[in-house]
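Residue numbers (my numbering): 19 to 495.
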């Protein structure tokens, strides 16, 4: 039953991800033409601040609910009552501290936007609450449709309104209104729960019960929250760490590059994680290992090499679409393959330590990763912005691969064959990057690029046909 639910959810997410990616690319084209590099830097810094605020508000209660075997109703109620209450408090604190954050990241505009929109933290907590309900009920179709409605709304609204008022503040408001619309859609589609009624959520008696429940699981909740906080900061250190040293415009260049390369990856990995996490939590160890092995074959043999070809295609299109406005992102497109390509393997299985009830393993991994990434950025920035980003991406790639092997160790799975598979994939992808990056002229890019990709896919079919069989199992109707 869990396997069938996973396949059904993956198919729905694959189909809707393609649609969401189309709208996101169209929006990115308009934003790249209308907004400045500084605007992109302000938006990304703002969204990360709200993400970190949401981590404090949720406090690990969503993972506790997904992985709970007993008293799941109480765990859901605790998440709702404590999460919503904390989100209101954090919103108020964020509004008062907005000026300080604006100064820290060299943008008065960032501070002003934070002051007037801090209540979006409450929206984010409500959205997460409804999303985990849908996940635990295996309602992946509703999740996919809710996310698609979100993206379509803010994309179309942004394209329509930013034409008349080209301010990053308007885009931020529309982006989070899309999240609010997703929340409303899920609230309508999911069955009502009496336990989440307003009188009970505001009851001091039930608050005492929720706090007692939280106290019993405080070790797990603290570990999950700390992991997420470190992981969020670590993964976005080029913005949050370097952003205190360089101009918002450079942060906008980095963010624009991550949008071009990372959006298709993150859309896919987030969608896949929300399917695999609850399914793995209910599945046996052997089924989980088999699923991870199949996913790794697809990612290493097909996913990451296709990302290399995608990066090559984007590097050819940027000058055609934007002239020289965004030429500064071109080197970053290849650097980011190491980061996002390995994230394609790592992120969808990031819940394995939680499922094994050993979140401390991921905590240690996150701490080591954070230290290494910050060290790479600190050393790299002494030689310039681009060396810092390259060092960050290389370190991130190594650590993402290490997490994959950590997950296999936790599941007590063999690692020799996966290690050989990873090494072969690294060599192939490095070779493809070197070959493609050596093609300079546009005419050669348009002819040789597709031919090289077709040649690779043909060789892959001859050498490892199992990858295409795995792919067919996923996409068949």
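Cβ coordinates follow ideal geometry from the N, Cα and C atoms, glycine included.
Residue 343, DSSP secondary structure in three states
Start at 1 with the first residue of the chain shown, and residue 343 comes out as number 325. Three-state DSSP puts residue 343 in coil, outside helix and strand.
Label residue 146 either buried or exposed according to how many other C-beta atoms from any shown protein chain fall within 10 Å of its C-beta, with 16 as the threshold for buried.
Position 128 of the chain shown, counting from 1, holds the residue named residue 146. That one is buried.
Please list the terminal residues of the continuous alpha helix (DSSP H) segment that includes residue 382.
Within the chain shown, the letter at position 364 stands for residue 382. 377-398 is the span of the alpha helix (DSSP H), which, as asked, contains residue 382.
Only counting the same chain, and skipping five residues up and downstream in sequence, which positions put a Cβ closer than 6 Å to that of residue 347?
The residue you call residue 347 lines up with position 329 of the chain shown. For residue 347, where only same-chain residues beyond five positions count, the Cβ hits under 6 Å are 271, 274 and 275.
Using C-beta distances below 8 Å, list every residue in its chain close to residue 250, excluding the 5 sequence neighbours before and after it, in chain order.
Taking the chain shown and counting its residues from 1, the one referred to as residue 250 is at position 232. Excluding sequence neighbours, residue 250 sits near 66, 69, 70 and 73.
Between the C-alpha atoms of residue 307 and residue 317, what's the straight-line distance to the nearest angstrom?
Translated into the one-based positions of the chain shown, residue 307 becomes position 289. Translated into the one-based positions of the chain shown, residue 317 becomes position 299. About 15 Å.
Please determine, among 488, 368, 375 and 64, the residue with the shortest C-alpha to C-alpha distance to residue 189.
Numbered from 1 along the chain shown, position 171 holds the residue referred to as residue 189. Minimum Cα distance to residue 189 is reached at 64.
What's the C-alpha gap between residue 480 and residue 321?
Position 462 of the chain shown, counted from the first residue, corresponds to residue 480. Position 303 of the chain shown, counted from the first residue, corresponds to residue 321. Distance between the alpha carbons of residue 480 and residue 321 is about 17 Å.
For residue 47, which residues of its own chain have a beta-carbon under 8 Å away from its beta-carbon, when the five flanking residues on both sides are left out?
For the purposes of this step, residue 47 is identified with residue 29 of the chain shown, where counting begins at 1. Result list for residue 47: 339, in chain order.
Complete beta strand (DSSP E) runs within the segment 190-248 (minimum length 3 residues, chain order):
none
With H, G and I counted as helix, E and B as strand and the rest as coil, what does DSSP make of residue 330?
The residue given as residue 330 occupies position 312 in the chain shown. Residue state, collapsed to three classes: helix.
Using a threshold of 8 Å, state whether the C-beta atoms of residue 283 and residue 351 are closer than that.
Taking the chain shown and counting its residues from 1, the one referred to as residue 283 is at position 265. Taking the chain shown and counting its residues from 1, the one referred to as residue 351 is at position 333. Result no, Cβ atoms of residue 283 and residue 351 do not sit closer than 8 Å.
Identify, in the order they occur along the chain, each residue of the same chain with its Cβ nearer than 6 Å to the Cβ of residue 58, setting aside the five sequence neighbours on each side.
Stepping through the chain shown from its first residue, residue 58 is reached at position 40. Correct list, in chain order: 270, 273 and 274.
Decide if residue 210 is buried, meaning its Cβ has at least 16 other Cβ atoms within 10 Å, or exposed.
For this step, residue 210 is matched to residue 192 along the chain shown. Looking at its Cβ environment, which holds fewer than 16 other Cβ atoms inside 10 Å, residue 210 is exposed.
Whole-Å CB distance - residue 120 paired with residue 111, under 8 Å assumed:
Along the chain shown, read from residue 1 onward, the residue named residue 120 stands at position 102. Along the chain shown, read from residue 1 onward, the residue named residue 111 stands at position 93. Not really, about 15 Å apart at Cβ, beyond 8 Å.
Quick one: complete beta strand (DSSP E) runs, 3+ long, within the segment 132-202?
none
With DSSP collapsed to three states, give me the class of residue 265.
As a working note, residue 265 is residue 247 in the chain shown. It is coil, neither helix nor strand.
Collapsed DSSP secondary structure at residue 447 in the structure displayed:
Here residue 447 refers to the residue found at position 429 when the chain shown is read from its first residue. It is helical.
At a cut-off of 7 Å, would you count residue 364 as near the ligand FAD, judging by its Cβ distance to the nearest heavy atom?
Here there are no bound small molecules, and the ligand FAD is not part of this structure.
Quick check: what's the CA-CA separation for residue 248 versus residue 381?
Taking the chain shown and counting its residues from 1, one reaches residue 248 at position 230. Taking the chain shown and counting its residues from 1, one reaches residue 381 at position 363. Rounded to whole angstroms, residue 248 to residue 381 spans 8 Å at the Cα level.
Report yes or no: do three or more beta-carbon pairs, one from the segment 369-389 and one from the segment 433-444, lie closer than 8 Å?
no
How many angstroms separate the CA atom of residue 404 from the CA atom of residue 78?
Taking the chain shown and counting its residues from 1, the one referred to as residue 404 is at position 386. Taking the chain shown and counting its residues from 1, the one referred to as residue 78 is at position 60. Each residue's alpha carbon lies about 35 Å from the other.
If you count every other CB in all the chains shown that lies within 10 Å of the CB of residue 266, and 16 or more means buried, which is it?
As a position in the chain shown, residue 266 is number 248, starting the count at 1. Classification for residue 266: buried.
For residue 371, the nearest candidate out of 85, 102 and 465 (CA to CA):
Here residue 371 corresponds to residue number 353 of the chain shown, with the count starting at 1. Taking only the C-alpha atoms, the option nearest residue 371 is 85.
Residue environment, residue 96, which counts as buried when at least 16 other CB atoms sit within 10 Å
Here the question's residue 96 lines up with position 78 in the chain shown. Buried.
With 16 other CB atoms within 10 Å as the buried threshold, where does residue 236 fall?
Stepping through the chain shown from its first residue, residue 236 is reached at position 218. With fewer than 16 Cβ atoms within 10 Å of its Cβ, residue 236 is classed as exposed.
From 195, 201, 171 and 342, pick the residue whose C-alpha is nearest to that of residue 151; which is it?
Residue mapping note: residue 151 aligns to position 133 of the chain shown, counting from 1. Measuring from the Cα of residue 151, the nearest candidate turns out to be 201.
How do the segment 407-427 and the segment 352-370 stand: do at least 3 beta-carbon pairs fall below 8 Å, yes or no?
yes
Determine the contact status of residue 204 and residue 137, defining contact as a CB-CB distance below 8 Å.
Looking up residue 204 in the chain shown gives position 186. Looking up residue 137 in the chain shown gives position 119. No, the Cβ-Cβ distance between residue 204 and residue 137 is not below 8 Å.
Which two residues bound the contiguous alpha helix (DSSP H) that contains residue 107?
Residue mapping note: residue 107 aligns to position 89 of the chain shown, counting from 1. That run of the alpha helix (DSSP H) goes 90-114.
How many whole angstroms separate the CB atoms of residue 60 and residue 105, which I take to be in contact at a CB cut-off of 8 Å?
Residue mapping note: residue 60 aligns to position 42 of the chain shown, counting from 1. Residue mapping note: residue 105 aligns to position 87 of the chain shown, counting from 1. So it is not a contact: roughly 23 Å between Cβ atoms.
Which word fits residue 391, buried or exposed, when buried means at least 16 other C-beta atoms lie within 10 angstroms of its C-beta?
Position 373 of the chain shown, counted from the start, is the residue given in the question as residue 391. The residue in question, residue 391, is buried, as its Cβ has 16 or more Cβ neighbours within 10 Å.
Taking the C-alpha atoms as reference points, what is the distance between residue 14 and residue 227?
Residue 14 falls outside the range modelled here, since the chain spans only 19 to 495, and no answer is possible.
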